[in-house]
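K.L.:
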Amino acid sequence: MEIKFWNKQIEVIDRDSLRKLQLERFRKTVEMALKTTFYKKRLAEVQIKSIDDIRSLDDIKRIPFTTKNDLRDAYPYGLLSVNKENVVRLHTSSGTTGTPTVIYHTEEDIRNWTDLIARCICASGVNRGDVFQNMTTYGLFTGGLGFHYGAEKMGVLVIPASSGNTRRQLKLMKDFGTTVVHATPGYLLHIASQLGTYGIKRPELKLRKAFLGAEPYSEETRRKIEDLLEIEVYNSYGLSEMNGPGVAFECVYKNGMHLWEDSFLMEVIDPVTKEAYDDDSEGELVFTTLTRTATPLLRYRTRDLSRVYSDICPCGRTHKRIARIKGRSDDMLIINGVNVFPSQIEEVLMKNPQVGTNYLIEIDKEGVLDRVTVKTEINSKLFTGDISSLNRLEIAIKEQIRDTILVNPLIELHEPLSLPVSEGKAKRVIDNRPQI
Ligand code: DLL
8 MEIKFWNKQI EVIDRDSLRK LQLERFRKTV EMALKTTFYK KRLAEVQIKS IDDIRSLDDI
68 KRIPFTTKND LRDAYPYGLL SVNKENVVRL HTSSGTTGTP TVIYHTEEDI RNWTDLIARC
128 ICASGVNRGD VFQNMTTYGL FTGGLGFHYG AEKMGVLVIP ASSGNTRRQL KLMKDFGTTV
188 VHATPGYLLH IASQLGTYGI KRPELKLRKA FLGAEPYSEE TRRKIEDLLE IEVYNSYGLS
248 EMNGPGVAFE CVYKNGMHLW EDSFLMEVID PVTKEAYDDD SEGELVFTTL TRTATPLLRY
308 RTRDLSRVYS DICPCGRTHK RIARIKGRSD DMLIINGVNV FPSQIEEVLM KNPQVGTNYL
368 IEIDKEGVLD RVTVKTEINS KLFTGDISSL NRLEIAIKEQ IRDTILVNPL IELHEPLSLP
428 VSEGKAKRVI DNRPQI
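For the sequence shown, this note's numbering begins at 8 and goes up steadily by one.
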């Protein structure tokens, strides 16, 4: 297997040198943070008043966590650490309700972010000569411009298709011989199921790889997309508060995502006690930016749940890998007292070849009990059409979900394309229970 690097020196750096570099950058980050009204006050409360108060990476434990609410409260300029004249771009989070979070970038910040994306793309084995179709939304969402800049820097031909308009996406793919796409998993799964509808035969496409992220998806969904499109899917993780994409990405071994530790200092904490783990336990990811100048963030609580793989990756990169994100701690559903992640239900659905591409989880109150309804499309190609096979599928899904989440769901099978299709982040859960 050919292993490619964008910046080999940094990607295979020995762990001691990496820690030295992290400390140097962490100190600079604290220095930048102290220039913001928000952190000046926050850090004074724990007696951190200058860079001299930070002597080791362990000093991070003295710093209070930063939350999404802190960022919202500081909106719009409370976390800006440079003069406005030095800022060249801003992005905001994709949430549709409430005050968004805003991240500012200097030219240097954009250069560093772009470099990280080029690093990710290179790690997947993409080369100059590849044709890259960026099917995520351009605009405030970071997936569009973030990947666009990185792919151009890497030297691939970029098609800035943005999201939506499946007919046009497929035409672009066919006409320009697209070899790599970037999308949300939900949207690519939809496209994959639509080739026939738009009269496209697989051999007419040159597609070989896809980068998928921005929302949780299971290993089963990855496999389904890989099988349907005969491509390789790479998991891509990021969040707008840490630039956007380019935080962690899979190499060709696809055994977890390398977290770029020269740019992000990672901690994994118990979301309840907030204690940082020093082993590989599953917990909430917390990040401190290490190179950002306009909006440095210290110990940002992501709410994303994952675990670290500390073993060495055969690709030679020394940056630790993180497991597929299980979900967000705030996405966890409590159904009749049982903790359930939507990803557990998705895993069961996508394991069944007779299941189609879209699904919805609805939760209602029935008396004192919670009732879960899982609505899922069927796969028209594999479905034979007789009622008894529909019944068999329904029972099988019901049993598999019950065995996984210990809650007995109602199953509704729907015709292909009858449930809402999402071009960006999918909304899969509708919780109709009264808010307490
Ligand atoms: O979704 C940035 C991004 C764009 C990442 C394109 C990857 C590709 P936000 O809109 O701020 O930023 O949403 C960030 O999305 O905290 C996770 O909960 C979730 N997320 C992102 N990537 C993955 C992934 C972008 N690969 C939030 N698997 C994060 C699971 C993911 N969840």
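Glycine is no exception: its CB is placed at the ideal position from the N, C-alpha and C atoms.
1. My parser needs the alpha helix (DSSP H) runs of 4 or more residues fully inside the stretch 224 to 269; what are they?
2. Taking the alpha-carbon of ARG32 as reference, which of ARG299, GLU353 and MET264 has the nearest alpha-carbon?
3. Using 7 Å as the cut-off, classify the Cβ of GLU233 as near or not near the heavy atoms of ligand 3, replying yes or no.
4. Mind the definition here: the stretch 87 to 102 touches the stretch 329 to 337 only if three or more C-beta pairs lie below 8 Å; say whether that holds.
5. Under 7 Å: does the beta carbon of GLY374 sit that close to some heavy atom of ligand 1?
6. Measure the beta-carbon distance from VAL428 to HIS197 and round it to whole angstroms, keeping in mind my assumption that it falls under 8 Å.
7. Verify the contact flag: ALA221, CB atom, against every heavy atom of ligand 1, threshold strictly below 7 Å.
8. Is the CB-CB distance between GLY162 and ARG135 below 8 Å?
9. So does ARG335 have its beta carbon nearer than 7 Å to some heavy atom of ligand 1?
10. Determine the burial state of GLU422: buried for a count of at least 16 other Cβ atoms within 10 Å of its Cβ, exposed for fewer.
11. What are the boundary residues of the alpha helix (DSSP H) that ALA51 is part of?
12. Using only the alpha-carbon positions, how far apart do VAL37 and LEU305 sit?
13. Straight-line CA distance for ARG310 to PRO278?
14. In or out: PRO360 buried (at least 16 other Cβ within 10 Å) or exposed?
15. Distance check for VAL414 and ASP404, CA to CA, integer angstroms please.
16. Could you tell me whether any non-hydrogen atom of ligand 1 is closer than 7 Å to the CB of LEU420?
17. Rounding to the nearest angstrom, what Cα-Cα distance links VAL259 and ALA130 in this structure?
18. Tell me, to the nearest whole angstrom, how far the beta carbon of VAL187 is from that of VAL254; I am working on the premise that it is less than 8 Å.
19. Where ASP137 and LEU214 are concerned, what is the direct C-alpha to C-alpha distance, given to the nearest angstrom?
20. Quick one: using the 10 Å Cβ neighbour count with 16 as the cut-off for buried, is GLN140 buried or exposed?
21. Do TYR316 and VAL293 come within 8 Å of each other at the CB atom, strictly closer than that value?
22. Which residues does DSSP pair with ILE70 in a beta bridge?
23. Does the separation of the CB atoms of ARG229 and VAL275 fall below 8 Å?
24. Whose C-alpha, out of ARG175, LEU164, THR121 and THR173, is nearest the C-alpha of GLY150?
25. To the nearest angstrom, how far is the alpha carbon of GLU92 from that of ILE341?
26. Determine the DSSP secondary structure at TYR316, reduced to helix, strand or coil.
27. Using 7 Å as the cut-off, classify the Cβ of ILE332 as near or not near the heavy atoms of ligand 1, replying yes or no.
28. Entirely within the stretch 138 to 207 and at least 4 residues each: give me those alpha helix (DSSP H) ranges in chain order.
29. Residues in the same chain with beta-carbon distance under 6 Å from GLN201, minus the five sequence neighbours each way, listed in chain order, please.
30. ILE437 and LEU367 - do their beta-carbons sit closer together than 8 Å?
31. Could you check the C-alpha separation between THR296 and ASN119 for me, to the nearest Å?
32. Hey, would you say LEU246 sits closer than 8 Å to ALA199, going by beta carbons?
33. With H, G and I counted as helix, E and B as strand and the rest as coil, what does DSSP make of ILE117?
34. In whole angstroms, what separates the C-alpha of ILE61 from that of ARG34?
35. Buried or exposed: where does ASN250 fall if 16 or more other Cβ atoms within 10 Å of its Cβ makes it buried?
36. Taking just the CA atoms, how far does ARG440 sit from PHE72?
P.N.:
On the basis of the data shown:
1. Listed in chain order, the complete alpha helix (DSSP H) runs (minimum 4 residues) inside the stretch 224 to 269 are 226 to 236.
2. Relative to ARG32, the option among ARG299, GLU353 and MET264 whose CA is nearest is ARG299.
3. Looking at this structure, you won't find ligand 3 anywhere; what it does contain is ligand 1.
4. The stretch 87 to 102 vs the stretch 329 to 337: no contact.
5. It does not: the Cβ of GLY374 is nowhere closer than 7 Å to a heavy atom of ligand 1.
6. Taking the Cβ atoms as the reference, VAL428 lies roughly 5 Å from HIS197, within the contact range of under 8 Å.
7. Checking the Cβ of ALA221 against ligand 1 gives yes.
8. A contact, by the Cβ cut-off of 8 Å.
9. Indeed, a heavy atom of ligand 1 lies less than 7 Å from the Cβ.
10. In the assembly as shown, GLU422 is an exposed residue. Its beta-carbon has fewer than 16 other beta-carbons within 10 Å.
11. 44 to 51 is the span of the alpha helix (DSSP H), which, as asked, contains ALA51.
12. One C-alpha to the other measures close to 8 Å.
13. For ARG310 and PRO278, the distance between alpha carbons rounds to 8 Å.
14. Sixteen is the threshold: since fewer than 16 other Cβ atoms of the shown chains lie within 10 Å of the Cβ of PRO360, the residue is exposed.
15. Sequence inspection shows Ile at residue 404; the Asp mentioned does not correspond to that position. If you draw a straight line from the Cα of ILE404 to the Cα of VAL414, it comes to about 12 Å.
16. False, no ligand heavy atom lies under 7 Å from that Cβ.
17. Answer to the nearest angstrom: the Cα atoms are 7 Å apart.
18. About 19 Å; that fails the 8 Å criterion.
19. Here the C-alpha atom of ASP137 lies approximately 10 Å from the C-alpha atom of LEU214.
20. Buried is the label assigned to GLN140, since at least 16 other Cβ atoms lie within 10 Å of its Cβ.
21. Taking 8 Å as the Cβ cut-off, VAL293 and TYR316 do not qualify as a contacting pair.
22. Listed as beta-bridge partners of ILE70 by DSSP are no residues whatsoever.
23. Note that the C-beta distance between ARG229 and VAL275 is not below 8 Å.
24. THR121 is the residue among ARG175, LEU164, THR121 and THR173 whose C-alpha sits nearest the C-alpha of GLY150.
25. Those two C-alpha atoms are separated by around 47 Å.
26. DSSP places TYR316 within a strand segment (E or B) once states are collapsed to three.
27. True, at least one ligand heavy atom lies under 7 Å from that Cβ.
28. If we require 4 residues or more, the alpha helix (DSSP H) runs fully inside the stretch 138 to 207 come out as 149 to 161, 173 to 183 and 192 to 200.
29. Hits under 6 Å: THR173.
30. Yes, these two residues count as a Cβ contact at 8 Å.
31. So the two alpha carbons sit approximately 12 Å from each other.
32. In this structure, ALA199 does not lie closer than 8 Å to LEU246 by Cβ.
33. Three-state result, ILE117: helix.
34. Take the alpha-carbon of ILE61 and the one of ARG34: they are about 6 Å apart.
35. With 16 or more Cβ atoms within 10 Å of its Cβ, ASN250 is classed as buried.
36. The alpha-carbon atoms of PHE72 and ARG440 are separated by roughly 31 Å.
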